[in-house]
Structures are given as structure tokens and as C-alpha cells.
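These notes are about the structure you will find just below.
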Amino acid sequence: METTVRRLRQALVATAPLLTSLVLVLLGSMPLYIGHVGAVMPQLGVAAVFYWTIYRPDLMTYSAAFAVGLVADVVSGAPLGSTALAVLVVRRIVLAQRRYLIGKPFQVLWTGFLLAALAAAAVSWCTASLYLFHLIDVGPLLVRTMMAMVLFPAVAWLLARCQVMLPMPRAATLQRG
Amino acid sequence: MLNSAHSIVGALQRFAFPLFAGLAIGLMVLSRVENPTVVRVRAEAVDVLAPVIDVMSRPAAAVENLASRVEHFFNVYEENAALREENERLLHWQAVARQLDAENRQYSALLSTVVEPREAFVTARIIGMSSGAFVKTAIVNAGRNDGIQLGQAVVSAEGILGRVVEVGSRSARVLLLTDLNSRIPVMVQQSRAPAVLAGDNSDVLSLVFAADGAAIAVGDRLVTSGEGGLLPPGLPVGIVTGREGGVWRVRPFVDPARVEYVRILDYALPGLLPAAREAGAADELW
Numbered sequence: 722m723e724t725t726v727r728r729l730r731q732a733l734v735a736t737a738p739l740l741t742s743l744v745l746v747l748l749g750s751m752p753l754y755i756g757h758v759g760a761v762m763p764q765l766g767v768a769a770v771f772y773w774t775i776y777r778p779d780l781m782t783y784s785a786a787f788a789v790g791l792v793a794d795v796v797s798g799a800p801l802g803s804t805a806l807a808v809l810v811v812r813r814i815v816l817a818q819r820r821y822l823i824g825k826p827f828q829v830l831w832t833g834f835l836l837a838a839l840a841a842a843a844v845s846w847c848t849a850s851l852y853l854f855h856l857i858d859v860g861p862l863l864v865r866t867m868m869a870m871v872l873f874p875a876v877a878w879l880l881a882r883c884q885v886m887l888p889m890p891r892a893a894t895l896q897r898g
Numbered sequence: 182m183l184n185s186a187h188s189i190v191g192a193l194q195r196f197a198f199p200l201f202a203g204l205a206i207g208l209m210v211l212s213r214v215e216n217p218t219v220v221r222v223r224a225e226a227v228d229v230l231a232p233v234i235d236v237m238s239r240p241a242a243a244v245e246n247l248a249s250r251v252e253h254f255f256n257v258y259e260e261n262a263a264l265r266e267e268n269e270r271l272l273h274w275q276a277v278a279r280q281l282d283a284e285n286r287q288y289s290a291l292l293s294t295v296v297e298p299r300e301a302f303v304t305a306r307i308i309g310m311s312s313g314a315f316v317k318t319a320i321v322n323a324g325r326n327d328g329i330q331l332g333q334a335v336v337s338a339e340g341i342l343g344r345v346v347e348v349g350s351r352s353a354r355v356l357l358l359t360d361l362n363s364r365i366p367v368m369v370q371q372s373r374a375p376a377v378l379a380g381d382n383s384d385v386l387s388l389v390f391a392a393d394g395a396a397i398a399v400g401d402r403l404v405t406s407g408e409g410g411l412l413p414p415g416l417p418v419g420i421v422t423g424r425e426g427g428v429w430r431v432r433p434f435v436d437p438a439r440v441e442y443v444r445i446l447d448y449a450l451p452g453l454l455p456a457a458r459e460a461g462a463a464d465e466l467w
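From first to last, the protein sequence lines stand for chains A and B.
Take the numbering used here: the final residue in the first sequence is number 898, and no numbers are missing along the way.
Take the numbering used here: the final residue in the second sequence is number 467, and no numbers are missing along the way.
Now the structure itself:
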């Protein structure tokens, strides 16, 4: 009995970053229109992948990030793999810069997120332009990135509440990322 | 044994990025060529997620309703006055419309006009909306089980919103007029000049394939022409707002951001859609 509970708990811990990211992706697709906010709802999945890659890269693996991007594509109707690619790039960049971001004041994290979100937007823009064979307008993408910036503190706060409930990883796993 | 397992995991981790990035690019290519399996899997995946999105969107709708109620509360006097005025004007139009309707029936009977097929409709709720770099689409909570088919027109009270481009068993995806891939046959309501209305992922639409000397002017209302037999004729589409770089720009009547419930019209004349196209070759509709 006890082992079952422990296993369940372990499974929950292992999938918590993935599940919270998926919830944020679905939230981002809600037709919520207070004023015109909803019309430019940002990819909250990018924010979630950014956060978890910094704090729990052992749980937010490339496969988890890929899954988050794929679900975002399915929900948004974008070509399968386009958001997945952007999210993978974000994980790659963040993983390389992790040590400059972890344990730093929130402003540093926020700035880091701006750069990561801009990178994701750039990847999206390139793939969209190639896919559609048409140079798409940069405006809406920039507005979405700004929206993601504005919402990031709220997302980070929520994910931090989840993170403190997870047991600490072994130092070795964190190092390896 | 353990060592070899470790080295395999290590190798996988090292190559995880190129592996998954390659997978993503491969999927994109398959999406681009409209691989039937990818198209079907995507529709089914939306089907699986639809109940979750539906449940999650309800609190969102409640918050939205609350916000609009608060907004209405502050504007109640102005709105009341405006509504009274509008009501008077509409009553006048109702009388005119009744008279014209009666006249129209008489003339149609005199001329033995072929009766247009009556359209049936399904009402559905918009449960998801995407405003990404690629597409402008919405997800509705009705699908094949409810009689939804590819290509059907999706309308709100104000006019046409888009067309159905992907059908699952209980959800469907609507391509909005503003999407880059959206093309619908329209005509100017007054002059009956035909054209094709194209989206470009922005909020305004453009008229393409309009004849050079076509009688189009700023302020003209556009309606669907019904050409091709997929969309019912006469659905309000938008209003011509100006001309930019030799192209007429059109503002759609429907702001998808303001719509919660839509009607999906079953109009398609029998025999117009070949069976192969129904079977999942969505490419022709995109």
C-alpha cells in the first residue's frame, strides 16, 4: 500500500512540470475577451518551459518540452511541430544560460525570459514565413511576446507554488540537466 | 550491463535536441503536404482535448460575462437611449422588409423561380481560439456526430465568421475569414459585382480578383455570392473601408473576439462535394 502511494507520488512529481505546462497551454487557448486582451493571448507554454528548464531541467526534458509544444500546435491549429520547435530552442538556450539565471533576483529572470520569448518568436516567425511562403507581419508576434512578458510574473508565481511542493532533486541530476 | 544502459541514456540525452528538432521539422513537412494520417491524428487529438478545453473555458466565459456586466452597468443610460433609437429605426425596417418579402414571394411565384435549398443549422459554442503566427482558427464543441461537415459556413448574428476545415467526432475547427488561407466568393450587395475575399492574418480583409472597372465604393456592404455552391448566398460579410495599394480593404462584420455561440449551416447542394474530398483531403479547402 505504502509503496503504491509512494510510486503515485513519484509519478506525480515527475510529471508535475509537464502537467502544469499543459494546463497553461490550454489556458492560453481560451476564448477570453476582456477588452482585447484575449485576441493576443500569448503562448504561456513557452513561459512554463522556460521556468521549469531553469528550476527542474531533470523533469522538463526535451521530450516533455516537445510534448508541450505539440499540444500547443494541436490546440492552436498551427502546423504540427512549429511551436514544438520554438519550445525546444527555448529549452536549449535556457539550459546553456541556466547558471546566470538561477538564484538571481526576479528582474534578472524576467529579462532572461524576455530574451527567451524573443528567440521563440523569431523561430515562430521564420518557420511560419517558410511554411506559408509569405513574409508574415511581425507586429502581432511582438504584441504576443509583450503580453507574455506582462503575464510572466503571474505564471512564475504559480509555478513557484508548485515547485516548492516537489522534493529537491539529487544534485547530480541537476548538474547534468 | 548497467554501464551500457547508462551510455545509451547518455547518448540519447546528448542527441535529444537534434532528435526532437528533427522530429518537429519532419512533422511540419508532413503537415505541409497534408499527410492524411497527420490530418486525421490532429482532428482526433483535438477531439480528445475538446472536453477539457470546454470545461476550462466555462470559468473563462463566466469571468468575461462578469466583466461585461460591470461595463454595462456603467453605460446603462447611454445604452438604453441608443437602443430606443435603434429600435424605432428597426421597426421601420421591419415594416419595409415585410413588404419586400411579400413582394418578392409574388414575383418569385410569377417567374416560377427554383426554390433555394433551405438550410439547416447546428448551434455550437466556441471553446478555443488561436491567434498564432500561422493561423486564425477557432474550435467549436460540435463535430461529425452533430452533423458537421467539411466546408460548412459558420455564422453569428452579424454575419459569416468562417468555414469548417477540420472535423472530429465531437469538435471541429473553423478557419476564420482573417486567416491567410481563407478565400471566399463574395459580391457587392448593391451592384452585385463579384470578387474573392482573402484574409492575410491581420484584422482587415482584402478583395482580390475584383474586375478592374467593378462598381465598388467605400461603404459598400459585401455578402457571400454563393458561387461554388458551398456557402449560402447573401450572408453578410463586411464593409469596404478603403483602397490601399490598388486593393480594396474590407472590415468584417463579425469580430470573432466577441462571439461565444455560432451557427454552422448545412447548405452544400447535394452532389457538389466529391466523396474523396470529404474523406479527409482537407487540402483543397485550406
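Ideal Cβ placement from N, Cα and C applies to all residues, glycine included.
Leaving aside the five residues before and after valine 303(B) along the sequence, list all residues of the same chain whose C-beta is less than 8 Å from its C-beta, in chain order. Result list for valine 303(B): Ala323, Asp327, Gly328, Ile329, Arg444, Ile445 and Asp447, in chain order.
Taking only beta-carbon atoms, is threonine 848(A) less than 8 Å away from chain B? Against chain B, the CB of threonine 848(A) has a partner CB under 8 Å away; the residue lies at that interface.
Which chain A residues are close to isoleucine 234(B), counting only those with a beta carbon under 9 Å from its beta carbon? Ordered by position in chain A, the residues that pass the 9 Å Cβ test against isoleucine 234(B) are Leu747, Ser750, Met751 and Val796.
Less than 8 Å between CB atoms is the rule here; does arginine 265(B) satisfy it with respect to chain A? Residue-level contact by beta carbon fails for arginine 265(B) and chain A, as no gap is shorter than 8 Å.
Would alanine 323(B) count as contacting chain A if we go by Cβ distances under 8 Å? False, the Cβ-Cβ gap to chain A never drops below 8 Å.
Output, in chain order, the set of chain B residues within a Cβ distance shorter than 7 Å of aspartate 858(A). Simply Asn382 and Ser383.
Under the DSSP definition of a beta bridge, which residues are partnered with serine 519(B)? For chain B, the structure presents residues 182 to 467; residue 519(B) sits outside this window and is missing.
Rounded to a whole number of angstroms, what is the C-alpha to C-alpha distance between asparagine 256(B) and leucine 791(A)? The C-alpha of leucine 791(A) is placed about 43 Å away from the C-alpha of asparagine 256(B).
Quick one: measure Cβ to Cβ for isoleucine 718(A) and arginine 819(A), integer angstroms, because I've assumed they're closer than 8 Å. The shown model of chain A, from 722 to 898, leaves out residue 718(A), and the question about it has no answer.
Which runs of the alpha helix (DSSP H) spanning at least 4 residues fall entirely within the region 225–302 of chain B, listed in chain order? Counting whole runs of 4 or more residues, the region 225–302 of chain B contains the alpha helix (DSSP H) stretches 257–292.
The region 836–846 of chain A touching the region 776–785 of chain A, judged by at least three CB pairs closer than 8 Å: No, the region 836–846 of chain A is not in contact with the region 776–785 of chain A.
Could you work out which residue in Leu342(B), Ile320(B) and Gly423(B) is closest to arginine 364(B) when comparing CA atoms only? Selected option, being the one with the closest Cα: Leu342(B).
DSSP on valine 220(B), reduced to helix/strand/coil? Correct three-state label for valine 220(B): helix.
Check whether serine 406(B) and valine 435(B) have beta carbons under 8 Å apart: Result no, Cβ atoms of serine 406(B) and valine 435(B) do not sit closer than 8 Å.
Whole alpha helix (DSSP H) runs in the region 731–799 of chain A with 4 or more residues, listed along the chain? Listed in chain order, they are 765–776 and 783–797.
Whole-angstrom C-beta distance between glycine 415(B) and arginine 432(B), which should lie under 8 Å: Between glycine 415(B) and arginine 432(B) the Cβ distance is about 19 Å, and since that is not below 8 Å, they are no contact.
Along the alpha helix (DSSP H) that carries serine 350(B), what are the first and last residues, could you check? First-last for serine 350(B): undefined, no H or E at that position.
CB contact flag (threonine 725(A), leucine 880(A), <8 Å): Contact flag unset, no.
Positions along the region 189–218 of chain B whose CB lies within less than 8 Å of some CB in chain A: Taking 8 Å as the Cβ-Cβ cut-off, the region 189–218 of chain B approaches chain A at Gln194, Ala197, Phe198, Leu200, Phe201, Ala202, Leu204, Ala205, Ile206, Gly207, Leu208, Met209, Leu211, Ser212 and Arg213, given in chain order.
Min CB distance phenylalanine 302(B) to chain A below 8 Å: Under the 8 Å criterion on CB atoms, phenylalanine 302(B) is classed as non-interfacial with respect to chain A.
Considering only residues of the same chain and omitting the five flanking positions on each side of serine 311(B), which have a CB-CB separation below 6 Å? Thr318, listed in sequence order.
Just to confirm, are alanine 224(B) and valine 348(B) a CB contact at a threshold of 8 Å? Contact: yes.
Residue range of the unbroken alpha helix (DSSP H) whose run includes methionine 368(B): Looking at the DSSP string, methionine 368(B) is not in any alpha helix (DSSP H); the run it does join, the beta strand (DSSP E), is 364–369.
Does glycine 423(B) come out as helix, strand or coil in the three-state DSSP assignment? Here glycine 423(B) sits in strand by DSSP.
Does the separation of the CB atoms of valine 795(A) and alanine 226(B) fall below 8 Å? Judged by their CB atoms, valine 795(A) and alanine 226(B) are nearer to each other than the 8 Å cut-off.
Closest to glycine 207(B) by CA distance: which of Cys883(A), Phe771(A), Thr736(A) and Pro800(A) is it? Ranking Cys883(A), Phe771(A), Thr736(A) and Pro800(A) by Cα distance to glycine 207(B) puts Pro800(A) first.
Determine the direct distance from the alpha carbon of alanine 374(B) to that of alanine 395(B), and round the result to whole angstroms. Distance between the alpha carbons of alanine 395(B) and alanine 374(B): 6 Å.
Measuring alpha carbon to alpha carbon, tell me which residue in Pro199(B), Phe198(B), Gln194(B) and Gly340(B) is nearest proline 417(B). Between proline 417(B) and the set Pro199(B), Phe198(B), Gln194(B) and Gly340(B), the nearest pair of CA atoms involves Gly340(B).
What first and last residue would you give for the beta strand (DSSP E) that runs through arginine 430(B)? 428–433 is the extent of the beta strand (DSSP E) around arginine 430(B).
As assigned by DSSP and simplified to three states, the class of alanine 376(B): If DSSP states are grouped into helix, strand and coil, alanine 376(B) belongs with the strands.
What would DSSP say about glycine 833(A), mapped onto helix, strand or coil? Helix, per DSSP.
Can you tell me where the beta strand (DSSP E) holding serine 383(B) begins and where it ends? Annotation for serine 383(B): no beta strand (DSSP E) segment contains it, and DSSP assigns it neither H nor E.
So what's glycine 191(B) in DSSP terms, helix, strand or just coil? In the structure shown, glycine 191(B) sits in a helix (DSSP, three-state: H, G or I).
Under the DSSP definition of a beta bridge, which residues are partnered with proline 417(B)? Proline 417(B) is bridged to Val404(B).
Please confirm whether alanine 379(B) has its beta-carbon closer than 8 Å to some beta-carbon of chain A. The beta-carbon of alanine 379(B) is placed no less than 8 Å from the nearest beta-carbon of chain A.
Identify the contact partners of arginine 354(B) in chain A, using a Cβ-Cβ distance below 8 Å as the criterion. Chain order gives the chain A residues near arginine 354(B) as Gly798, where near means a beta carbon separation below 8 Å.
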